Every structure is written in structure tokens, then in C-alpha cells.
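**Q** In our numbering, the protein residues as written are 119 to 235.
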């Protein structure tokens, strides 16, 4: 797993392995949230695991798409989310070229997602 400092200046979008494989085949990522809400949900490193366990508890395989903030800043808005925290929302599709890397999340012995070591 990359060190926390690696994620400075970056945001993470969580996606199932199935959705990610579809995006790779299409060459662009347009999740359902973009169609339904008008934006793509992102998290910071600090709240990614909480988001994973809250919204993807029933998923087996989860991938984090790591995006450099400055690459998408023109369409990115920080908006209030749960617990009064601001979350990054991308008001556009996500070109695969804007994904710096991916990280896999795995389950620990309690069944919770954690960073893959």
C-alpha cells in the first residue's frame, strides 16, 4: 500500500471491480451518479475507508481510482456531506487519462474494507 503522504493533493473515487472493468473497455468512466445526481462522488484519503464500508458493504471487490486534484479542478466542487465534512464532487465524466493510479481495497478479519498492504 502506498503511504498516506502519497495521497496528498489527490482524491479517490470508489468503484466496484465490475464497473471498473467496464470503464476500461469503454475508455471513459461515467458512473450512475453522474447521470442521476450530475456529479461523481470522491473522497479524500482520510474518509475513503469510511465511505467504502458505509456505501459498499455488500461488494466483494473494490477499487479506488486515484486522481490528482489539479487535473480535474475546473470541474471539481467541494460540498457538504455526512457529518458536516466537505467532499469533492466532479461535475463531469472522468477520463481514464486523469486517473493517476488505482488502489485495491481488501477486507480485514472483521469483514471491513482496509487499504491493501
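All residues carry an ideal CB built from backbone N, CA and C; glycine is no exception.
Here the structure is a predicted model, which is why all the values come from computation and not from measurement.
Of all the options 147, 123, 192 and 161, which has the alpha carbon lying nearest to the alpha carbon of residue 266?
**A** The chain is shown from 119 up to 235; residue 266 falls before or after that span and cannot be answered.
**Q** Please state the DSSP three-state secondary structure of residue 166.
**A** Translated into positions along the chain shown, residue 166 becomes position 48. The answer is helix: DSSP assigns residue 166 an H, G or I state.
**Q** Roughly how many angstroms separate the alpha carbons of residue 132 and residue 197, rounded to a whole number?
**A** Indexing the chain shown from 1 puts residue 132 at position 14. Indexing the chain shown from 1 puts residue 197 at position 79. Taking the straight line joining both Cα atoms gives about 17 Å.
**Q** May I ask you to verify whether the stretch 170 to 178 touches the stretch 212 to 220, counting CB pairs closer than 8 Å and requiring at least 3?
**A** Counting Cβ pairs under 8 Å, fewer than three are found: no touch.
**Q** Shortest alpha-carbon distance to residue 229 belongs to which of 179, 215, 186 and 125?
**A** Translated into the one-based positions of the chain shown, residue 229 becomes position 111. It is 179 whose Cα lies nearest to the Cα of residue 229.
**Q** Identify which residue in 139, 124, 160 and 138 has its Cα closest to the Cα of residue 199.
**A** In the chain shown, the residue the question calls residue 199 occupies position 81. Comparing Cα positions, the closest option is 160.
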